[in-house]
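Residue numbers (this note's numbering), protein chains in the order written: chain A, 1 to 483; chain B, 1 to 244.
Shown next, in structure tokens, is the structure this report addresses.
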Amino acid sequence: MTFALHAADVLQTYRLASRRFRRQPLALPLFALLLTGSLYLLLRTAESTATGEVDTGLTITPGALLFAAFFLSLGKSAVDSYYRLVRHPPLVFAIAQPLPRVRIVAAKLGTVLSLNLGFVALALGVATVLILGFGMRVPAGGLFVPGLVAASIGGLASGVAFSVAASLGSWRRKAAGLALLSGFPAAAWIALVQTDPGLWTQLVVLAGMAVAGIAAALASSAWLVEAWNAQASTRPGGSHATREFRLPLMTDAEAAVFDKEVKTAWRKRETVLSLVTLAFVAIALVAVFFLIEEMPTGQVARFLLPIMILAGVFAGAAVTVTVRGLSSVGGEHEAIWVLKTSPVRGRAVMMGKAGAYALVLPGIVLAAVPLPLVAGFPLDTVVLLALAALTVGLLMAALGLYEGGRAPSFDRASGGLPDSFTMYMIFIAGMIACTVFVAPVGVLFAFDRPAGLVAGVAAAELSALALYGAVRAAGPRLDRLEL
Amino acid sequence: MPRRGVLSAKAVTKRYGPILAVDGISLEVAQGEVFGLLGSNGAGKTTLMKIFATLLRPDAGTASVAGIDVIQDPLAVRACIGFVPDSAALYDKLTGREFLHLVAKLRGIPIPRAEQGIAEVSYLLRMDEELARECDGLSRGMKQKLALASAMFHKPPVLILDEPTNGLDPRFAKLLKGWLKDYARAGNTVLMSTHVTQVAEAICDRVAIVHEGRIAAEGSVAEVAARADARTLEDAFSVIVGEA
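Structure follows, in structure tokens:
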């Protein structure tokens with residue numbers, strides 16, 4: 001039964017992905033190109049830094065990279081598990097069967113592990129080919145790869161338990177569950193970053209965490225039904241006073257969609273979650289600044305903090321505006337009939353949604369400001385970074401909305417988000433677009449500050465135009481969508 | 001008597017990959033009629049209704065609503081229909097009233113005018129409580145009432161209802177049937193599908209039995225029953241689908 005559940009999951013994922021690739025024949029080669037290109041850049045950067053070809057003045061330990069892998073795996077698994085397990089209405093058919101709940105969790109854990117480890121294996125395979133093909137001198141010793149696999153398993157398995165704990169019926173129970181599990185990231189931080197006892201010890205710790213993570217995931221099955229009931233089943237809904245939200249210059253139809261999106265995001269706590277995420281980015285950036293004991297003095301060191309800030313802002317924008325844009329149409333699920341049978345053009349629908357997602361932009365800009373202020377940057381640099389953050393936010397919103405409108409996924413198991421391949425492509429494409437828009441401005445600013453600021457404003461305006469273009473392009477796709 | 005054709009399909013065909021869902025159906029539904037589509041699961045009823053509601057484009061043939069081609073001007077078609085799908089999915093986090101206001105705003109109806117229609121429909125379907133609560137917490141029947149209200153409150157000249165009595169208790173199903181008959185008598189047109197032949201017998205002026213993407217029989221309930229030499233529509237359905 002466990003295998004049957006797991007096989008059904010994998011089969012469904014395979015069919016959805018293959019259908020997408022059949023409909024978009026260029027998607028697979030494009031994915032291969034982006035994966036290879038991004039891995040090449042990553043390995044080349046590692047090689048340049050390790051061999052002293054480029055003096056960044058930074059020391060990035062294997063432990064820090066393993067911690068990043070653990071943390072990313074945990075986050076990805078928590079999201080996957082939320083939609084595949086905790087908030088998955090069809091799970092009722094499994095829960096109603098005469099089988100222990102631990103088997104259901106084992107099946108879903110198997111799905112999360114196999115799909116994500118498959119991606120890790122693919123990336124490692126491509127990286128191996130690149131290293132051998134280009135003769136790269138990458139400082140990844142023999143123990144690093146098993147460490148990466150163990151970190152991924154530990155993160156993915158504990159992510160399932162995190163997802164169940166965070167979905168329990170009351171705030172107290174959520175807090176208690178999360179507190180119990182907080183040992184995982186804490187142990188990873190201590191073993192991989194704080195004490196840095198060497199790769200062999202770190203591998204042993206990560207192997208132990210992988211086993212403990214699987215045990216925690218299986219143990220979380222005891223609370224599965226509570227979490228599922230709290231997230232997926234019908235409960236008496238709240239009642240609200242009727243009030244309308246709209247932005248100036250919006251048509252009635254755009255305002256109607258905007259109002260619906262704002263209310264839905266607020267009541268699903270997506271707005272709060274977005275703001276918390278962006279606050280976390282701002283705080284983490286400041287914390288990292290204070291953790292750097294001595295500022296590096298290498299040839300690219302002057303760009304270190306701006307790059308760090310924009311990387312943080314990129315991550316914040318990706319998980320707030322891009323993800324919402326990607327599920328802008330697919331996240332409607334079966335309720336899409338309401339918009340599709342109304343006498344409203346797709347462009348008006350997408351414009352209303354874009355307006356609602358754009359409300360997060362001030363938060364993205366503000367997330368970029370604390371670190372430059374703390375670091376004592378001149379005011380014009382702070383302004384430039386804020387403009388760059390705005391540019392990144394607008395571009396990431398544009399990409400999400402364009403792809404979400406162009407090829408919506410109505411899969412409930414992913415919450416209306418596209419498959420992992422597409423998500424990866426969008427994030428890499430976003431990184432490239434942000435670099436193309438922001439990097440020249442930064443270089444110009446380094447030579448001529450007023451001209452750099454003017455270029456920063458122009459880049460922000462161009463990215464706003466890109467968002468408008470994305471809405472214009474996605475609208476007709478929605479019009480042509482057949483249900 | 002019906003006055004003029006409002007819903008028209010001419011040799012409409014629709015495929016889903018290798019599956020032929022609708023196979024050259026031609027159909028006319030006149031103004032003032034309640035027209036029922038009956039058929040087995042997967043017969044093509046929902047596909048045909050979705051084509052009239054502009055949710056699907058026909059692969060061949062033409063379809064029009066109130067003389068407007070569904071491909072040429074889908075927005076104009078949508079402006080004159082009220083539609084309820086077979087599974088009434090709503091926006092979970094909006095209250096019932098907010099949901100109806102959303103539909104009104106999308107249709108360009110001022111809220112004060114929409115409120116009039118909402119009050120009438122909410123009285124008919126006894127749904128004051130549902131209007132104040134988030135759709136998330138409503139039962140299936142309550143959601144169905146709300147979906148029906150969203151199609152009815154703005155009084156469109158054409159109603160396209162896929163299994164409208166799904167999830168409704170017998171009292172509200174009876175109320176709805178009476179309302180639909182009166183609505184058609186007032187000069188509007190209703191196209192509905194149902195699996196319950198008694199519902200079709202009670203309110204439909206004409207019915208069509210759809211089988212494997214084609215119309216196997218069409219006419220008044222009496223005519224369809226007579227064609228199958230049966231006493232009831234249920235018996236006629238079994239005979240016609242069995243022999244088709």
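Glycine residues also receive a C-beta, built at the ideal position from the N, C-alpha and C atoms.
Listed by chain order, chain A residues near residue i by CB distance under 8 Å
i, result
"B/F83", "W337, T341"
"B/L90", "A335, V338"
"B/L75", "P343, V344, R345"
Residue j beta carbon less than 8 Å from that of residue i
i, j, result
"B/G24", "B/A11", "yes"
"A/L39", "A/A165", "no"
"B/L55", "A/T341", "yes"
"A/L493", "A/S409", "Nothing about residue 493 of chain A can be read from this structure; chain A reaches only from 1 to 483."
"A/A317", "A/I364", "yes"
"A/F144", "A/P62", "yes"
"B/Q144", "B/N166", "yes"
"B/V239", "B/A226", "no"
"A/L91", "A/P146", "no"
"A/E461", "A/G355", "no"
"B/S87", "B/S8", "no"
"A/V329", "A/L181", "no"
"A/V441", "A/A455", "yes"
"A/S167", "A/Q97", "no"
"B/N90", "A/A157", "The residue asked about is misnamed: residue 90 of chain B is Leu in this sequence, not Asn. Taking 8 Å as the Cβ cut-off, B/L90 and A/A157 do not qualify as a contacting pair."
"A/P102", "A/S221", "At residue 102 of chain A the sequence reads Val, which differs from the Pro that was named. Contact: yes."
Interface partners of residue i on chain A, CB under 7 Å
i, result
"B/A79", "P343"
"B/S87", "E334"
Environment of residue i [buried if 16+ CB atoms lie within 10 Å]
i, result
"A/A7", "exposed"
"A/A69", "buried"
"B/D205", "buried"
"B/V34", "buried"
"B/L119", "Contrary to the premise, residue 119 of chain B reads as Ala rather than Leu in this sequence. By the neighbour-count rule (16 or more Cβ atoms within 10 Å), B/A119 is not buried but exposed."
"A/T195", "exposed"
"B/N188", "buried"
"A/E332", "buried"
"A/I309", "buried"
"B/M1", "Any reading at B/M1 is ruled out, since the residue's pLDDT is 44, under 50, leaving its predicted position unreliable."
"B/V22", "buried"
"A/G133", "exposed"
"B/R3", "Unreliable placement is indicated for B/R3, whose pLDDT of 49 sits below 50; the coordinate value is still reported in the next sentence. Exposed, because fewer than 16 other Cβ atoms sit within 10 Å of the Cβ of B/R3."
"B/A104", "buried"
"A/V288", "exposed"
"B/I203", "buried"
"A/V443", "exposed"
"A/F93", "exposed"
"B/P58", "buried"
"A/K260", "buried"
"B/P74", "buried"
Residue i: contacting residues in chain B (beta-carbon distance under 7 Å)
i, result
"A/D411", "What A/D411 touches in chain B: nothing, since even the nearest Cβ is about 15 Å away."
"A/D252", "K105, G108"
"A/K260", "Y91, L94, L102"
Residues that residue i contacts on chain B, provided the C-beta gap is smaller than 8 Å
i, result
"A/R267", "K93, E134"
"A/L483", "K50, L55, L56"
"A/K263", "K93, L94, E98"
"A/A255", "K105"
Beta-carbon neighbours of residue i, restricted to chain A and to distances below 9 Å
i, result
"B/G191", "For the sequence presented, residue 191 of chain B should be read as Leu rather than Gly. Ordered by position in chain A, no residue passes the 9 Å Cβ test against B/L191, which lies about 14 Å from the chain."
Chain B residues whose Cβ lies nearer than 9 Å to that of residue i
i, result
"A/A232", "Within 9 Å Cβ-Cβ: nothing; A/A232 doesn't reach chain B, min ~11 Å."
Cβ-heavy atom distance, residue i to the ligand ATP, below 7 Å
i, result
"A/L278", "This structure lacks the ligand ATP; in fact it carries no ligand of any kind."
In DSSP terms, what residue i is bridged to
i, result
"B/A217", "B/I209"
"B/T13", "B/D23, B/A60"
"B/T189", "B/V158"
"A/L16", "Per DSSP, none; premise fails for A/L16."
"B/G5", "B/A30"
"B/L38", "B/I209"
Report the residue ranges of all alpha helix (DSSP H) runs contained in full by the segment 108-166 of chain B; include only those spanning at least 4 residues, in chain order.
111-124, 128-132, 140-152
What are the complete alpha helix (DSSP H) segments, minimum 4 residues, inside the segment 271-333 of chain A?
304-317, 323-326
As an exercise, report each continuous beta strand (DSSP E) stretch of at least 3 residues that is fully enclosed by the segment 46-115 of chain B, in chain order.
You should have 60-65, 81-84.
To test your reading of the DSSP string, which unbroken beta strand (DSSP E) runs of 3 or more residues are found completely within the segment 210-259 of chain A?
none
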